Structure formats: structure tokens, C-alpha cells
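Participant: Quick one: the structure is below, questions incoming.
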Amino acid sequence: NAGVTQTPKFQVLKTGQSMTLQCAQDMNHNSMYWYRQDPGMGLRLIYYSASEGTTDKGEVPNGYNVSRLNKREFSLRLESAAPSQTSVYFCASSPTGGAGYTEAFFGQGTRLTVV
Amino acid sequence: QKEVEQNSGPLSVPEGAIASLNCTYSDRGSQSFFWYRQYSGKSPELIMFIYSNGDKEDGRFTAQLNKASQYVSLLIRDSQPSDSATYLCAVNTFGDYKLSFGAGTTVTVRA
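As they're listed, the protein sequences go chains E and L. Here my numbering is used: the first residue of the first sequence is 43, the next is one more, and so on. Here my numbering is used: the first residue of the second sequence is 519, the next is one more, and so on.
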């Protein structure tokens, strides 16, 4: 049972380069999320997808785009990387039943450095 | 104002002691409260959730919720070196698909 799988685990980019972070879950969850984690800042939501076919901005969406490719996959794209985007990125998924939010399951994280 | 605030730590406790972690939140509409544990270099994992006022116990962990005071806490009894980690408080409003996280409190259990 793989859970939530993110690729890559590590990445170094030069300023201005673009890249896509991939995330896939095999738990048949409806909702998926991208967070970034910086020292002393906790987890901040970048974008989320409540269900297949929908995406919404979170707390810190500037500089990012997302695609909910299908129910399993949710990708995060940096079009023109900046040093301020150096962070650890986590993808998460949640079953989100009718009562609202339920437990989120996290991927192993992607450590991104922009130089 | 940050939505979810946690005591900044780090918190150092001797093995066998009780570690007490605190979290306050600003949105009175918040309905679901979660505690995640994150080991260094790893991803967060859920250890407790609580929806109703009062205490909820799971093994050595007790979550306490007081919605009137907008306060949620986590007690770790008989602390073990394996409990050394960062603990993240997370809050959700009913019908909202987003979780808001605090900055986390780092706990070190001294053997």
C-alpha cells in the first residue's frame, strides 16, 4: 500500500527554471493538497483540489499552478522558480466524507532548492 | 493575525514526565482539531483528532478541547525518547476542505 507518492524527493533548480512536482495517491481519496513547509512557519497551503475537476487557491498560491489530472494525480508546477520558493513541499490527500474534513495523509516530501 | 498559534518551544522534558503542548485558534467556526507528529526530515503523521469539548485519550496521548476558550492541547504522558519530534496543531472549519496548521512545537525527551 503506497499511500501518497511524490516525485522527485530532491531537486535543485536555477532561478527562472520551471519544473513540475508530481503526486499520486492510491487510496481513492477525493481531496488532494499541496503544502510548503519553511522553518518556523509550519505547513502553508498552496493549492487544493476538493474533488476531481476542481482546484482552489490556498494561502500562498503566487508563483504556482496546479493540475488535477484525474482522481489519483495532482501536480504542482513552478513556471519560473525563485529563491523564495526554496522549501519542502508536501502533497496530501483526504477522503473528505460528507461531514467535511477528515484525516490528511501526507507524501514523503520534496526538498526543493532554488539557486 | 495567524489563525493557529502554538507555544513556540522547544520543549524539553525528562523521560517519564508529562509533555504539555498548547494551541489556540482564531476562527470560532472551527470544528475539527488535529495533532500531527513530524519527525525530523519526515512527513507529518496524524496522532489524534478531536471534535467535541472535553478530553479524548488514546494510549499515552490525551487531547483536550475547549471551544469557548478556542484552545486545544495535547498531553503526552510517560514521555519516551521516541516522542522527540515536532508536533503540529491543525484546525478545520466544517464544510471547508482546508486545514490550517500552527508553526509546530518541537519536543525533546531527555533520557
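Where a beta carbon is used, it is the ideal one built from N, C-alpha and C, also for glycine. If you're wondering where the values come from, they're calculated on a predicted model, not measured in any experiment.
(1) Just how far apart, CA to CA, sit N6 (chain E) and E533 (chain L)?
(2) Identify the contact partners of S591 (chain L) in chain E, using a Cβ-Cβ distance below 9 Å as the criterion.
(3) Classify W553 (chain L) as buried or exposed, calling it buried when 16 or more other Cβ atoms lie within 10 Å of its own Cβ.
(4) Go ahead and pull the three-state DSSP assignment for S122 (chain E).
(5) Given that Y615 (chain L) touches chain E, what residues does it touch there, using C-beta distances under 7 Å?
(6) Assess contact between the stretch 521-535 of chain L and the stretch 72-81 of chain E, defined as three or more Cβ pairs (one per stretch) separated by less than 8 Å. Is contact present?
(7) May I ask you to report which of helix, strand or coil DSSP gives Q127 (chain E)?
(8) Could one say the Cβ of L583 (chain L) lies closer than 8 Å to chain E's Cβ atoms, at least one of them?
(9) What residues in the stretch 544-557 of chain L have a beta carbon less than 8 Å from any beta carbon of chain E?
(10) Decide if V157 (chain E) is buried, meaning its Cβ has at least 16 other Cβ atoms within 10 Å, or exposed.
(11) Work out the CA separation of E563 (chain L) and N72 (chain E) for me, nearest whole Å.
(12) Is there at least one Cβ from chain E nearer than 8 Å to V627 (chain L)'s Cβ?
(13) To the nearest angstrom, report how far apart G140 (chain E) and T62 (chain E) are at their CA atoms.
(14) Report all residues from its chain with a CB closer than 7 Å to the CB of A124 (chain E); omit the five preceding and five following residues, and keep chain order.
(15) Tell me the rounded alpha-carbon separation between C65 (chain E) and Q48 (chain E).
(16) Does any C-beta atom of chain E lie closer than 8 Å to the C-beta of P532 (chain L)?
(17) Would a C-beta distance cut-off of 8 Å place V625 (chain L) and A535 (chain L) closer than the cut-off?
(18) State buried or exposed for D98 (chain E), treating a residue as buried only when at least 16 other CB atoms are found within 10 Å of its CB.
(19) With a 10 Å radius around its C-beta and 16 neighbouring C-beta atoms as the bar for buried, classify M566 (chain L) as buried or exposed.
(20) What residue from E:S91, E:Q59, E:M83 and E:L55 has the CA that sits closest to C133 (chain E)'s CA?
Facilitator: Result, derived from the coordinates:
(1) Any answer about residue 6 (chain E) is impossible in this case: the structure gives chain E only from 43 up to 157.
(2) What S591 (chain L) touches in chain E: nothing, since even the nearest Cβ is about 17 Å away.
(3) Burial check for W553 (chain L): the Cβ neighbour count within 10 Å reaches 16 or more, so the residue is buried.
(4) coil
(5) S73, Y90, A92, T138 and Y143
(6) Too few Cβ pairs lie closer than 8 Å, so no.
(7) helix
(8) By the rule that beta-carbons nearer than 8 Å mark a contact, L583 (chain L) does not touch chain E.
(9) Listed in sequence order: Q549, S550 and F552.
(10) exposed
(11) 19 Å
(12) Cβ-Cβ to chain E under 8 Å: no for V627 (chain L).
(13) Residue confidence for G140 (chain E) is low, a pLDDT of 47 falling below 50, so the modelled location carries little weight; the figure read from the coordinates is stated next. Each residue's Cα considered, the two are about 31 Å apart.
(14) T57, G105 and V156
(15) 5 Å
(16) no
(17) no
(18) exposed
(19) buried
(20) E:S91
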